[in-house]
Amino acid sequence: MSDLCDLVERVRAGGDAGAAMVEEFRRTAVLVPRDRAGRLAAADAGGIRWVFAFTAPAELARWALARGGDGGTGQDYVTILGRRLLTVAPAAAGRPAGVALDVAGGRPMLLPPMRGIVPDDFALDA
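With full-length UniProt numbering applied, the sequence shown covers 1 to 126.
Laid out in structure tokens, this is it:
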């Protein structure tokens, strides 16, 4: 997991590691919370569905606490390979969908629904 976190830091610092970060995300298993209906937890902003994903249990717990939860101890989640999440989330949403990674932590990152990240059929720039 540290490889992904290191690459996120490089991108956040203005480095040109964006493509490497996306590839590392694809190879990494992330934690994706479920909502009360059992769906992948997500939020809509600007016409895009953003699915929440976390690199570590502590990051998931921070998000659960920020939402008024119990710090993740009761938060239902699935572990999924980033590659699968980037394929399944847009197809399930039926519209552009990206990933909001570690959104409640100190190094959040968005993986937008663009070519090279999600399938072309769901990319905004296709």
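Glycine is no exception: its CB is placed at the ideal position from the N, C-alpha and C atoms.
Are the CB atoms of residue i and residue j nearer to each other than 8 Å?
i	j	result
Met-114	Leu-124	yes
Ile-48	Pro-96	yes
Val-32	Ala-53	yes
Ala-41	Asp-35	yes
Leu-81	Gly-98	no
Val-51	Leu-85	yes
Arg-107	Arg-12	yes
Arg-39	Gly-105	no
Gly-116	Val-22	yes
Look up residue i in the DSSP assignment and give the residues it is bridged to.
i	result
Arg-49	Asp-44 and Ala-97
residue 132	Since the first residue shown for the chain is 1 and the last is 126, residue 132 is missing from the structure and cannot be characterised.
Val-118	Arg-115
Return the first residue and the last residue of the alpha helix (DSSP H) that residue i is part of.
i	result
Val-8	2–12
Ala-56	Looking at the DSSP string, Ala-56 is not in any alpha helix (DSSP H), and its letter there is neither H nor E.
From what residue to what residue does the beta strand (DSSP E) around residue i run?
i	result
Met-109	109–111
To the nearest whole angstrom, what separates the beta carbons of residue i and residue j, a pair I think is in contact under 8 Å?
i	j	result
Val-30	Thr-55	6 Å
Ala-19	Arg-10	Contact flag wrong, Cβ pair sits at about 11 Å.
Gln-75	Ala-66	At roughly 12 Å, the Cβ-Cβ gap does not stay under 8 Å, so Gln-75 and Ala-66 are not in contact.
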